[in-house]
Amino acid sequence: MGERLFYRKRHRVKGSDEFAAVFAFKVRKSRGAMTVFAMPNGLSEHRLGLSVGRKVGNAVVRGKVKRMIREAFRHERVNVPMAGNGGGYDLVVAVRRHESVGLEVWREWFSGAAKAAVRVVEKRGDGGKENGKG
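Printed below as a string of C-alpha cells:
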C-alpha cells in the first residue's frame, strides 16, 4: 500500500447547520449498528460527520467508536462513488448501542451503507444538486 491515507479538517462535516442539512436530505442506509446519511456536497471530496450519543457508552467508549469510524472512512472513502457531477458527498454516521467490534467490521459497515446511500441519491436524480453550496 504505497498510497498514504489522510483524514484532515477539510474532510469533516462541521456545524449544526451542515448536519441538519444532511439529515433533512433524508437519504439513509444502515448496516449493523451504523446508519449513514448522505447528501451531495458539491466539493471535490467526501466529508464525514459523526453522531455518537451517550447511549453508545461512556466517553471512553464513544471516543473509541469515533476513532474506528474515522479510520474506516479514511480507508474506504476511495471506494465510495463520486456524484454524477464529479462532486463528493457529506456522509454523517449515526451509531446505535452495540457490542464491541473490530476495525474490519466498521469498514464493512461503513462501505456498505455509504455505497447504498449514494446509489439512492443517484437513483433519485439528486446527485448533481449542491444544495445551496457554491
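Heads up, the sequence shown is in the working numbering, so the first residue is 277 and it goes up one at a time.
C-beta: ideal position from N, C-alpha, C; glycine also.
Terminal residues of the beta strand (DSSP E) in which residue i lies
i: Ala370; result: Tyr365 to Val371
i: Leu324; result: Arg323 to Val328
DSSP beta-bridge partners of residue i
i: Asn312; result: Per the sequence presented here, residue 312 reads as Val, with Asn not at that position. Lys305 and Val369.
i: Arg288; result: Leu324
Whole-number beta carbon distance between residue j and residue i, since they are thought to touch under 8 angstroms
i: Arg304; j: Val312; result: 7 angstroms
i: Val368; j: Ser327; result: 6 angstroms
i: Val354; j: Met310; result: Wrong, their Cβ atoms sit about 19 angstroms apart, outside the cutoff.
i: Phe295; j: Ile345; result: Contact doesn't hold; Cβ gap of about 15 angstroms is too wide.
i: Leu379; j: Ala335; result: So it is not a contact: roughly 20 angstroms between Cβ atoms.
Reference residue i; option with closest CA among the options
i: Gly318; options: Ala359, Met344, Leu281 and Val337; result: Ala359
i: Arg286; options: Arg350, Asn355 and Gly329; result: Arg350
i: Tyr365; options: Val341, Phe282 and Arg395; result: Arg395
i: Val356; options: Glu398, Gly308, Arg372 and Val337; result: Glu398
i: Lys302; options: Lys290, Met315, Ala309 and Gly308; result: Met315
i: Val381; options: Gly308, Lys290 and Phe282; result: Gly308
i: His374; options: Arg338, Tyr283, Gly401 and Ala392; result: Arg338
i: Val377; options: Lys342, Gly362, Ala393 and Glu352; result: Lys342
Unbroken alpha helix (DSSP H) run spanning residue i, endpoints
i: Lys398; result: At residue 398 the sequence reads Glu, which differs from the Lys that was named. Element bounds for Glu398: Leu379 to Arg400.
At what residue ranges does the stretch 330 to 356 contain a whole run of the alpha helix (DSSP H), taking only runs of 4 or more? 335 to 352
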